[in-house]
Amino acid sequence: MGFGRGKVILLGEHAVVHGCPAIAVGIERGVTAEAVTAERDLLRLSPWDLALGPNSNGYEPLERAFAAALAMYPSRPPLEVSAKVDLPAGAGLGCSAAIGVAVLDAIDEVLGVDRSRKALAAAALVWEKIFHGNPSGIDNTMSAIGGVALYRKGDELRPLHSNKPLHLVIGYSGEPSSTKEMVALVDRQLENDRERVTKAFAGIEVLVRNAKLAIEAGDHVALGQLLDLNHTLLSSLMLCTTKLDDMCQAARRAGALGAKMTGAGGGGCMFALAPKRDEALRLRDVLGEGSFVAEVTA
Ligand code: PMV
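Heads up: the sequence shown runs through residues 1387 to 1684, numbered per the working numbering.
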């Protein structure tokens, strides 16, 4: 069975596209996939009830991504891959990367290709490029490898260590968002007002560096404050929505140590950091439908 996990960016999204570091965690929810030899190439996706073939010129990114994935295996029989997606799409949890990792992992398994999770992450970047144009690589890397890690484009992933688990509560705004469009929105702001955006990125970089220390020291109170500040800087880049802001406020009022939007923004998800597991379960009820708890160990 192939598996690609979802991810939550704790801090540093968007700035990471422009060379700053980010911290992300892999979560247990993700995508499972199974590949079998068949009469023709086919990708099935549930629960969306989708079945499509590979097409490098297709309108659907999934058709193009599937074609690009299959092209990595030059001599092979036709394959039918069935993927089960347990993540909201377009929600900032790295759904497209998790599908790519799971699909490649499943194909590797049926064809007897033996490669490390690190090599799998690198292969899945081909898939991500079709969806996101200029991905930083954080989604496919976290999806394949997991844990808690500091990521910088072009560098090795640096795992962070702490013996204190992070109790995260992930809330979905119900507003779909497009990573490509949100990355382009930041690009336009960078073109029109370089100084303001560069300052925001520099601020985010400082928060990421401090968050690394806070995670390693198990200081979740400090980490929570850094999350709140990162949320404010992302809002200043017009990436937040009223719904995401309201959810973060509600979580803070209900006792979260910090809360922020995660991923591309313009909709999608937020998360809150809870002091303990039982508090996380309570916050999940506050955040309502579609929210879930993820316990992550660094
Ligand atoms: O919303 P997601 O899961 O696609 O996360 C995107 C993170 C960005 O920093 C906005 C883009 C990237 O490629 O890193």
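Just so it is clear, CB atoms sit at the ideal spot from N, CA and C, and this is done for glycine as well.
Open item on the list: Can you determine whether any heavy atom of the ligand PMV sits closer than 7 Å to the C-beta of Ile1524, and answer yes or no?
Closed with: Result yes, Cβ under 7 Å from the ligand PMV.
Open item on the list: Determine whether the beta carbon atoms of Leu1465 and Ile1493 lie at a separation below 8 Å.
Closed with: yes
Task: Opening and closing residue of the alpha helix (DSSP H) in which Gly1589 lies - done: Segment 1580-1603, the alpha helix (DSSP H) holding Gly1589.
- [ ] Would you kindly report the start and end of the unbroken alpha helix (DSSP H) that includes Ala1645?
- [x] Not the alpha helix (DSSP H): Ala1645 falls in the beta strand (DSSP E), residues 1644-1648.
Task: Local conformation of Ser1432 per DSSP, three classes - done: strand
- [ ] List the endpoints of the continuous alpha helix (DSSP H) containing Leu1456.
- [x] 1447-1456
Open item on the list: DSSP three-state label for Ala1421, please.
Closed with: strand
Open item on the list: Below 7 Å, is the gap between the Cβ of His1518 and the nearest heavy atom of the ligand PMV?
Closed with: yes
Task: Residues bridged to Ser1468 (per DSSP) - done: Glu1420, Arg1430
- [ ] Verify the contact flag: Pro1521, CB atom, against every heavy atom of the ligand PMV, threshold strictly below 7 Å.
- [x] Taking 7 Å as the cut-off, one finds at least one heavy atom of the ligand PMV near enough to the beta carbon of Pro1521.
Open item on the list: Does the beta-carbon of Glu1449, which I'm using as the reference point, lie nearer than 7 Å to any heavy atom of the ligand PMV?
Closed with: no
Task: Whole-angstrom distance between Thr1565 and Gly1654, CA atom to CA atom - done: 10 Å
Task: Whether Ile1524 touches Ala1408 by CB criterion (8 Å) - done: yes
TODO: Could you name the residues that DSSP lists as bridge partners for His1553?
DONE: Ala1660, Glu1681
TODO: Closer than 7 Å by C-beta to Leu1431: which residues in its own chain qualify, once you throw out the five before and the five after it? Chain order, please.
DONE: Ala1469, Val1471
- [ ] Would you check whether the ligand PMV has a heavy atom nearer than 7 Å to the C-beta of His1400?
- [x] yes
Task: Integer Cβ distance of Thr1418 from Phe1452, believed to fall under 8 Å - done: In fact, because the Cβ distance is near 17 Å, the residues do not count as touching under 8 Å.
- [ ] Leaving out five residues on either side along the sequence, give the residues of the same chain with a beta carbon under 8 Å from the beta carbon of Lys1629.
- [x] Ser1559, Gly1560, Glu1561, Gly1653
Open item on the list: I need the boundaries of the alpha helix (DSSP H) containing Ala1483, first residue and last residue.
Closed with: 1481-1497
Open item on the list: Taking the beta carbon of Leu1436 as the centre, do at least 16 other beta carbons fall within 10 Å, making it buried, or is it exposed?
Closed with: exposed
Open item on the list: Here's a check: name, in chain order, each residue in its chain whose Cβ is nearer than 7 Å to the Cβ of Lys1515, leaving out the five neighbours to either side.
Closed with: Pro1521
Open item on the list: Once DSSP output is grouped into helix, strand and coil, what is the label at Leu1546?
Closed with: coil
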